[in-house]
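**Q** Per my numbering, residue 4 is the first one in the sequence shown, and the count goes up by one each step. Have a look at the structure that comes next, please.
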Amino acid sequence: MVLGLLTVKESPRWLASVDRLEEAIRTLAYLRNDSVTSQSVVEEMYEIQAAIEEEREAREGLGWKEAFFGKGNFVRFVIAFVIFFLQQWAGKNSVK
Numbered sequence: 004m005v006l007g008l009l010t011v012k013e014s015p016r017w018l019a020s021v022d023r024l025e026e027a028i029r030t031l032a033y034l035r036n037d038s039v040t041s042q043s044v045v046e047e048m049y050e051i052q053a054a055i056e057e058e059r060e061a062r063e064g065l066g067w068k069e070a071f072f073g074k075g076n077f078v079r080f081v082i083a084f085v086i087f088f089l090q091q092w093a094g095k096n097s098v099k
């Protein structure tokens, strides 16, 4: 399995998010079994880039503090923490 991991290509979305656009287009064309200049590949790449840009704008100015203590997130964090704590404490996560 480790040898197979060496042959797996990176995700086009990840490549685009780290500004490796040419490699992202080549990988997307490979996955779609199409040419790099194909209209469907180019359109999908534009969609991926637009989604990444939208996500960057939405995350702008947010940090770890907002992830745990932001509006509505603190209650979710406490519930998840209590569930994980009780699960560990009760030993229900063990496989018998």
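All C-beta atoms, glycine included, are put in the ideal place defined by N, C-alpha and C.
Along the chain, where does the alpha helix (DSSP H) that runs through Ser-59 open and close?
**A** The question names Ser, but residue 59 in the sequence shown is Arg. Annotation: the continuous alpha helix (DSSP H) that includes Arg-59 extends over 42 to 62.
**Q** Return the Cβ separation of Ile-55 and Pro-15 in integer angstroms, given the expectation that the two are a contact with Cβ distance under 8 Å.
**A** Actually they do not touch by this definition, with Cβ atoms about 11 Å apart.
**Q** Taking Thr-30 as part of the alpha helix (DSSP H), name the residues at either end of that continuous run.
**A** Element bounds for Thr-30: 24 to 35.
**Q** Just to confirm before moving on: does the CB-CB distance between Glu-46 and Leu-31 stay below 8 Å?
**A** Not a contact, by the Cβ cut-off of 8 Å.
**Q** What separation, rounded to the nearest whole angstrom, lies between the Cα atoms of Ser-43 and Arg-59?
**A** 24 Å
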